[in-house]
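Undergrad: This structure is in structure tokens; I'll ask about it shortly.
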Amino acid sequence: MLTYILFALVIGSVYALLAQSLMLSWGLAGLVNLGLAGFFAVGAYASAMLTTWGHAPIPVGVAVAMLAGGFVGLIVCFSTLRLRDDYLAIVTLGFAEIVRLVASNEVWLTGGTDGISGIPVLVPRDAGIWFHAGSLAIIAAAVAVVYLLLRRLLRSPWGRSLRAIREDQTVASVAGKSIVRFKAQAFSLAAAIAGLAGAFYGHYTSYVAPDLFQPLITIYIFLAVTAGGNARPAGAVIGAYLLVAFLEATRFIAELAPGVSAVQAASLREIVVGLGLVLILSFRPDGLLPERSQKAPAQ
Amino acid sequence: MDAVLQALINGIISGTLLAVPALGFSAIFAVLRFPNFAIGALATAGAYCAWVVNVSLGLPIPVAIFAAFVGAGLAGALLEYGALERLGRGGALMKAIGSLAMGMVIENIVRFIFGNDLQAFDLPLARDIVFGPIRVGPQQLNNLVLALVIMAAVWAFLSLTSLGRSMRAVADNPDLARLKGVNPRFIALVTVAIGSGLCGIGGTLIGLDTAIDPLVGGRVLLSVFAAAVLGGLGSIPGAVAGAFLIGIVEEFTVLALSPAYRLAVGFIVILVVLTVRPSGLLGSKAN
Numbered sequence: 042m043l044t045y046i047l048f049a050l051v052i053g054s055v056y057a058l059l060a061q062s063l064m065l066s067w068g069l070a071g072l073v074n075l076g077l078a079g080f081f082a083v084g085a086y087a088s089a090m091l092t093t094w095g096h097a098p099i100p101v102g103v104a105v106a107m108l109a110g111g112f113v114g115l116i117v118c119f120s121t122l123r124l125r126d127d128y129l130a131i132v133t134l135g136f137a138e139i140v141r142l143v144a145s146n147e148v149w150l151t152g153g154t155d156g157i158s159g160i161p162v163l164v165p166r167d168a169g170i171w172f173h174a175g176s177l178a179i180i181a182a183a184v185a186v187v188y189l190l191l192r193r194l195l196r197s198p199w200g201r202s203l204r205a206i207r208e209d210q211t212v213a214s215v216a217g218k219s220i221v222r223f224k225a226q227a228f229s230l231a232a233a234i235a236g237l238a239g240a241f242y243g244h245y246t247s248y249v250a251p252d253l254f255q256p257l258i259t260i261y262i263f264l265a266v267t268a269g270g271n272a273r274p275a276g277a278v279i280g281a282y283l284l285v286a287f288l289e290a291t292r293f294i295a296e297l298a299p300g301v302s303a304v305q306a307a308s309l310r311e312i313v314v315g316l317g318l319v320l321i322l323s324f325r326p327d328g329l330l331p332e333r334s335q336k337a338p339a340q
Numbered sequence: 035m036d037a038v039l040q041a042l043i044n045g046i047i048s049g050t051l052l053a054v055p056a057l058g059f060s061a062i063f064a065v066l067r068f069p070n071f072a073i074g075a076l077a078t079a080g081a082y083c084a085w086v087v088n089v090s091l092g093l094p095i096p097v098a099i100f101a102a103f104v105g106a107g108l109a110g111a112l113l114e115y116g117a118l119e120r121l122g123r124g125g126a127l128m129k130a131i132g133s134l135a136m137g138m139v140i141e142n143i144v145r146f147i148f149g150n151d152l153q154a155f156d157l158p159l160a161r162d163i164v165f166g167p168i169r170v171g172p173q174q175l176n177n178l179v180l181a182l183v184i185m186a187a188v189w190a191f192l193s194l195t196s197l198g199r200s201m202r203a204v205a206d207n208p209d210l211a212r213l214k215g216v217n218p219r220f221i222a223l224v225t226v227a228i229g230s231g232l233c234g235i236g237g238t239l240i241g242l243d244t245a246i247d248p249l250v251g252g253r254v255l256l257s258v259f260a261a262a263v264l265g266g267l268g269s270i271p272g273a274v275a276g277a278f279l280i281g282i283v284e285e286f287t288v289l290a291l292s293p294a295y296r297l298a299v300g301f302i303v304i305l306v307v308l309t310v311r312p313s314g315l316l317g318s319k320a321n
């Protein structure tokens, strides 16, 4: 039971990293990333390939995963940032599908649908319960670092500019802000954080495969971020842990439902998650921790 | 050379199949101004309505296609008025995210009821028609004709009926249309119903060509978006032209690359079009 709770907390921490990524791009910059699962996958694969086949140390793998996520994010948002936001939504949604397509078909590069197994782990597996506790400590520390960093960024002129751009592009550009540059920075930094989450995920489960990066994960994170409050780093983190508690609870409820097959139980859970997101979006769009309005700093 | 000609024919046929849902997506976008990501799931829902009517009730294909139109149309309208309309206050992107979530809900309702297995329509087996080196399935020809008839009907509806003209007016300028006494809310309802119904028909045509499973609509989603973006988001003739182009390019890709990368074509086309010609081939209103 303790192992199970630790496992849930590790997954919650990985989701907390993803939620911070979405908080930055969507909550703060107003850029919808419907391909979050794709950037998660890019990070997971980059680090897995480098450390498993290239025998690089884990920190190198994790760093490259972030760089890869950020770089791919820059490419994906490049052609859409000058356009309306709905184009970015379509492009990112497509991007996540393409990542899964490439991961499933380029066997020489990614191991195909078998995925990559035997990825080096953060803490030796034979440490028993300490394997889970140690991994949790490392990933939770990463969550804390990203949290502090984002909180700092949000209060900086950079964060204020992003918010200004989100609220009114025209006014912000009149004020001399380069909209495209700010958006591109926010989007690729967010993609890098998603890549970091992917790297840790791979180094905890020691296995990555295309099936692990379904669009469902993106919906999960949207649910977490909306529930927690989409423009506050603390909201995103709390939302992510709440989400995992909620998902695990639905697992038990699905088991209790009589006469439901495994496929039906899985689809019931996805129905609940989708409905949950739409209900929160319509009844409590500001989440548990609504954005605080900031006072301009004294000159 | 024969392979190229065959790919061209196949491309035209799959283009017509894409054109019907792309029309629906574009019509919804033109009037409601948000990308409705639920259209893949609505196409699936329509296909299953048709399958129930055809296989469980034993009724002929035209009745099944009508059932797909009505079933998906009702589902789409219910979705807009039950869930998405109230998200509109948060902006078009809120509706887009909501539609993605609701699409997942619809897809899983289908999966809950029918399971993950492939289901085939009740069709007579028929030999391919052979013209020299070119082979075409009779069902593909039927689909081609059906899709063309449906597109002609949509065109006639939009240009000849007063309801169709009101729809175009709202798409063009909602405020002006309201001044002229058109009720935008009613027009939006009709548009979502018709657009979703067309997606349902699209899903059914794909199912008639191959088979259906809960992901049948989701698989063509990217190609449909690509067709709509290529033609200029919200442009009806653009969506049809875009669909033919995407269909043909996809078939040519299969000649050169692994068939698995069919889907990637749509994505690449979207990226290239947005970079080079952001308003699409026929569009002028975008941005």
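Those protein sequences? They're chains A and B, same order as listed. Under our numbering, residues 42 to 340 are what the first sequence spells out, in order. Under our numbering, residues 35 to 321 are what the second sequence spells out, in order. Virtual Cβ for every residue (Gly too), placed ideally from N, Cα, C.
1. Going along the chain, which residues of its own chain have a beta-carbon closer than 8 Å to the beta-carbon of Val278 of chain A, five neighbours each way excluded?
2. Any contact between the segment 240-249 of chain A and the segment 294-308 of chain A? By contact I mean 3 or more CB pairs, one from each, below 8 Å.
3. What residues from chain B crowd round Thr121 of chain A, counting only those whose CB sits closer than 7 Å?
4. Under a Cβ-count criterion, where at least 16 other Cβ atoms within 10 Å of its own Cβ denotes burial, should Phe155 of chain B be classed as buried or exposed?
5. So for Arg169 of chain B, helix, strand or coil by DSSP?
6. Output needed for Ser48 of chain B: all residues of its chain with C-beta closer than 6 Å, excluding positions within five of it in sequence on either side, in chain order.
7. Which value, in whole angstroms, describes the spacing of the CA atoms of Leu194 of chain B and Ile235 of chain B?
8. Would you kindly report the start and end of the unbroken alpha helix (DSSP H) that includes Ile234 of chain A?
9. Cβ closer than 8 Å: which chain D residues qualify as neighbours of Ala281 of chain A?
10. Quick one: which residues of the segment 104-137 of chain A get their C-beta closer than 8 Å to a C-beta of chain B? List them in chain order.
11. Please tell me whether Gly92 of chain B has its Cβ less than 9 Å away from any Cβ of chain A.
12. Against chain B, does Ile312 of chain A count as a neighbour if the rule is that its beta carbon must be under 9 Å from one of theirs?
13. Give the DSSP-derived three-state secondary structure of Val303 of chain B in the structure shown.
14. Can you have a look at Asn207 of chain B and say buried or exposed, based on whether 16 or more other CB atoms are within 10 angstroms of its CB?
15. Is Ile46 of chain B helix, strand or coil when you go by DSSP?
16. Please return the same chain residues whose Cβ sits closer than 7 Å to the Cβ of Pro256 of chain A, not counting the five positions on each side in sequence.
17. Answer yes or no: does any C-beta atom of chain B fall closer than 9 Å to that of Val73 of chain A?
18. In terms of DSSP beta bridges, what is Gln153 of chain B paired with?
19. I believe Gly328 of chain A touches Thr267 of chain A by the beta-carbon criterion, under 8 Å. Please report the beta-carbon distance rounded to the nearest angstrom.
20. Taking 9 Å as the threshold (beta carbon to beta carbon), is Phe286 of chain B in contact with chain A?
21. Using beta carbons (cut-off 9 Å, strictly below), is Val83 of chain A in contact with chain B?
22. With a threshold of 9 Å between beta carbons, is Ile262 of chain A in contact with chain B?
23. Here's the rule: buried if 16 or more other CB atoms are within 10 angstroms of the residue's CB, otherwise exposed. What is Leu69 of chain A?
24. Suppose the cutoff is 7 Å on Cβ atoms and the five residues either side in sequence are ignored; what does the same chain contact list for Leu52 of chain B look like?
25. Taking just the CA atoms, how far does Thr44 of chain A sit from Asp126 of chain A?
26. Residues in its own chain within less than 7 Å of Thr287 of chain B by CB, not counting five upstream and five downstream?
27. Consult DSSP for Ser269 of chain B and reduce its assignment to one of helix, strand or coil.
28. What's the C-alpha gap between Cys233 of chain B and Ile221 of chain B?
29. Taking only three categories from DSSP, how would you classify Val216 of chain B?
30. Can you tell me the Cα-Cα spacing of Gln340 of chain A and Ala275 of chain B, whole angstroms?
31. Touching or not, the segment 116-134 of chain B and the segment 89-101 of chain B, by the rule of three or more beta carbon pairs under 8 Å?
32. In chain order, what residues of the same chain lie with their CB nearer than 6 Å to the CB of Phe59 of chain B, ignoring the 5 residues before and after it?
33. Just checking: is the beta-carbon of Ser292 of chain B within a distance shorter than 9 Å of some beta-carbon in chain A?
34. Could you check if His96 of chain A is buried or exposed, using at least 16 other CB atoms within 10 Å of its CB as the buried criterion?
35. Select from B:Ala84, B:Thr78, B:Leu264 and B:Ala273 the residue whose C-alpha is nearest the C-alpha of Met138 of chain B.
36. Take the Cβ of Thr211 of chain A as the centre, count every other Cβ of all protein chains shown within 10 Å, and call the residue buried at 16 or more, exposed below.
TA: Here's the rundown:
1. Ala57, Ala60, Gln61, Val184, Tyr188 and Gly269
2. They do not touch, by the three-pair rule.
3. Leu308
4. Answer is buried; the Cβ neighbour count reaches 16.
5. strand
6. Gly281
7. 22 Å
8. Segment Ile220 to Thr246, the alpha helix (DSSP H) holding Ile234 of chain A.
9. Given the protein chain composition of this structure (A and B), no chain D is represented.
10. Phe119, Ser120, Thr121, Arg123, Leu124, Arg125, Asp126, Asp127, Tyr128, Ala130, Ile131, Val132, Leu134, Gly135 and Phe136
11. no
12. yes
13. In the three-state reduction of the DSSP assignment, Val303 of chain B falls in the helix class.
14. exposed
15. Taken through DSSP and simplified to helix, strand or coil, Ile46 of chain B comes out as helix.
16. Ala78 and Ala137
17. yes
18. B:Ile246
19. With 8 Å as the limit, Gly328 of chain A and Thr267 of chain A qualify as a contact, their Cβ atoms being about 6 Å apart.
20. no
21. no
22. no
23. buried
24. Here the set comprises Val254, Ser257, Val258, Ala261, Ala277, Ile280 and Gly281.
25. 43 Å
26. Tyr295, Arg296 and Val299
27. coil
28. 18 Å
29. coil
30. Any reading at Gln340 of chain A must be qualified, since the residue scores a pLDDT of 48, below 50, and its modelled position is unreliable; no value is offered.
31. Remark: fewer than three beta-carbon pairs, one from each stretch, lie closer than 8 Å, so the segment 116-134 of chain B and the segment 89-101 of chain B are not flagged as touching.
32. Ile73, Val258 and Ala262
33. yes
34. exposed
35. B:Thr78
36. Label assigned to Thr211 of chain A: exposed.
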